[in-house]
Amino acid sequence: MSTKPRAIMAVTMAVEPEHDEEFNRWYNEEHVPERLECPGFLVARRFKAVEGEFEHQEALNYLAIYELESLDTLKGELYTTRAANHTEWTKRIGRLRLGGQRYVYEEIPTTS
């Protein structure tokens with residue numbers, strides 16, 4: 002077991018409603034399975050913004066959070082190879098996305 006702090010990667014994305022179905026199918030059928038095959042990716046969770054409830058949420062309407070074994074996960078050979086060599090479906094989805102951001106955080110150890 003690693004003694005390095007765990008990490009998360011949070012990705013926000015904007016997708017027009019008319020592309021939701023294909024975007025979600027791609028995310029569930031290709032993207033998440035590919036990521037979870039990479040060593041160090043532990044869990045993937047996805048969320049969609051609650052429409053009309055909170056100010057500014059619709060701009061980036063999707064959020065994905067990946068739990069990582071450590072920051073080194075993002076330097077792994079399989080992950081970096083896949084990140085650099087997109088499938089045709091991934092390229093298509095990239096053209097449909099209106100924007101997004103990626104954030105990486107390292108866990109802060111706490112004492113109880």
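Residue numbers for the sequence shown follow this note's numbering, so the first one is 2 and each next one is one higher.
Beta carbons: idealized from backbone N, C-alpha and C, even for Gly.
Measure the CB-CB distance between THR13 and TYR106 and report whether it falls below 9 Å.
No. Outside cutoff.
Selection from VAL16, GLU30 and GLU70 that minimises the alpha carbon distance to ALA8
When only C-alpha atoms are compared, the closest one is GLU70.
Identity of the residue in ILE109, LEU99 and PRO110 nearest HIS20 by Cα
Closest option to HIS20, judged by alpha-carbon separation, among ILE109, LEU99 and PRO110: LEU99.
Please state whether the Cβ-Cβ distance between ARG83 and ILE66 is less than 9 Å.
Not in contact: ARG83 and ILE66 (Cβ atoms no closer than 9 Å).
Neighbourhood of GLY95 by C-beta, 8 Å cutoff - its chain only, sequence neighbours within 5 removed
Only HIS87 meet the Cβ criterion.
Compute the Euclidean distance between the alpha carbons of ARG1 and ALA85, then round it to the nearest angstrom.
It is not possible to answer for residue 1, since the shown part of the chain is limited to 2 through 113.
Considering just the uninterrupted stretch of the alpha helix (DSSP H) at ARG26, what are its terminal residues?
Run containing ARG26: 21 to 27, per the alpha helix (DSSP H) assignment.
Nearest-angstrom beta carbon gap, ALA15 and LEU61 [assumed within contact, 8 Å]
Contact between LEU61 and ALA15 holds: CB atoms are separated by about 5 Å, below the 8 Å threshold.
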